[in-house]
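Scroll down for the structure; my scribbles are underneath it.
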Amino acid sequence: MRIDQALARARLKLRPRPGIPLPEREAMLLLAAVLERSEIWVRTHPEDRLSDAQLEVFDVWISRRAGGEAFEHIRGECSFFGRSFRVSEDVLIPRPETELMVEAALELDLRAGSRVLDVGCGSGCLGVTMKAERENLEVVAVDLSMPALEIAHANARNHRCRIHFLRGNLSTALGASFDLVLANLPYLPSSWIEGLPVEVQREPRMALDGGRDGLDLVRILMEDLPRILRPGAAVFVELAEGQAGVVEEMGRDLGYQNPDRIRDAGGCARILSFRWSRP
């Protein structure tokens, strides 16, 4: 079957809906992934023919996408900060707005040997990226999910990053001091989950559901962190719309200083940072 014919057939299966606003583009990207070519190449070679094996894989991938599976999970990888990361349904797909946390963290004056904690690491995108960008940092990554840790370890190995991985509940199992903490924890209120696009609902609930107001784990983490933070340490947390004010107040009550909001392209205060000065 020709490329243009395969794409036309795929568009019939991919109806426009929340999560698939542009079926034609979705089909194009999936076919490019199957063929291991660029989207531009696919667009400019409509008369090229697919092998039977390629067509079979493409049809399966289109059916999975039509059924609500995310493109990144179908392909098994996702781009983050210019690098490819392996993903599965055991981890949250890294979001572009999370790159804001990395950008801000890389602006800090971190000396060689500074200790970085990626808490609730999931795919490992934060910890691996920090280590890849600053090889002289010492990075520790923690997650409660063993399948997630396996994915994160594979990503670290793929990018040749030496990271210490631990299975644990947030920072509670740690005792050493840290200069930087990066936390992209579950922050969605439980009541929001059923209203999410089907693709997001298929991601691990433990990586999405933050409890009644979305901040259950953020509270636990911020209450525990002071015992392992070095003076002057920086803490970054990712949040949902409307949560920054609550977390700022929480931080002040716990002794954190210098709160700073980092807004995403939509104007949401997506990342909140603090500094810690031990009393």
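Oh and the sequence shown: position 18 is 56 in our numbering, straight run, nothing missing.
Glycine included, each C-beta is placed from N, C-alpha and C at the ideal position.
Remark: C-beta atoms of V157 and R121 do not approach each other more closely than 9 Å. Using a Cβ-Cβ distance cut-off of 8 Å, the region 142-156 and the region 235-242 are not in contact, since fewer than three pairs of beta carbons, one from each stretch, lie closer than that value. In the three-state reduction of the DSSP assignment, Q295 falls in the strand class, which pools E and B. When DSSP states are grouped into helix, strand and coil, R55 belongs to the strand group. In the three-state reduction of the DSSP assignment, L68 falls in the helix class, which pools H, G and I. Taking a contact as a CB-CB distance under 8 Å, the pair E74 and M66 does not count as one, their CB atoms being some 14 Å apart. Looking at A142, E85 and R103, the one whose alpha-carbon comes closest to that of R63 is R103. In the three-state reduction of the DSSP assignment, E241 falls in the coil class, being assigned neither a helical nor a strand state.
If you look at H191, you'll find it isn't in any beta strand (DSSP E); it sits in the alpha helix (DSSP H) that goes M184 to N196. Nearest to G270 by alpha-carbon distance, out of R49, F216, A91 and R81, is F216. A straight line joining the alpha-carbon of V180 with that of H191 spans about 11 Å. Its chain contains C116, F118, F123, S161 and C163 as the residues whose beta carbon lies nearer than 7 Å to that of P132, once the 5 sequence neighbours on both sides are disregarded; these appear in chain order.
In the three-state DSSP reduction, I309 falls in the strand class (E or B). Put simply, of L292, R299 and E241 the residue whose alpha carbon is nearest the alpha carbon of P264 is L292.
Sequence-distant Cβ neighbours of A71 in its own chain, meaning closer than 7 Å and more than five residues away, are R113.
Residue pairing from DSSP leaves H111 without any beta-bridge partner.
Shown here, A211 sits in coil according to DSSP, grouped into three states, outside any helix or strand.
With respect to the 9 Å criterion, L226 and G206 are not classified as neighbours on the basis of their beta carbons. DSSP places D262 in the uninterrupted alpha helix (DSSP H) bounded by D254 to D262. Q43 and I58 have their C-alpha atoms some 20 Å from each other.
If you ignore the 5 residues before and after I258, its C-beta comes within less than 7 Å of the C-beta of L208, all in its own chain and listed in chain order. The beta carbon of A48 sits closer than 6 Å to those of A65 and I100, all from its chain and outside the five residues before and after it, given in chain order. Our two residues, E127 and N296, have alpha carbons roughly 37 Å apart in a direct line.
Beta bridge pairing from DSSP links D247 with L226. Excluding the 5 residues flanking it on each side, L255 has same chain C-beta neighbours closer than 7 Å at L208, L223, P224 and G248, in chain order.
If you draw a 10 Å sphere on the C-beta of L60, you find fewer than 16 other C-beta atoms in it, and that means exposed. The Cβ atoms of L130 and L246 sit closer than 9 Å to each other. Shortest Cα-Cα distance from R172 to any of I189, I201 and C159 involves I201.
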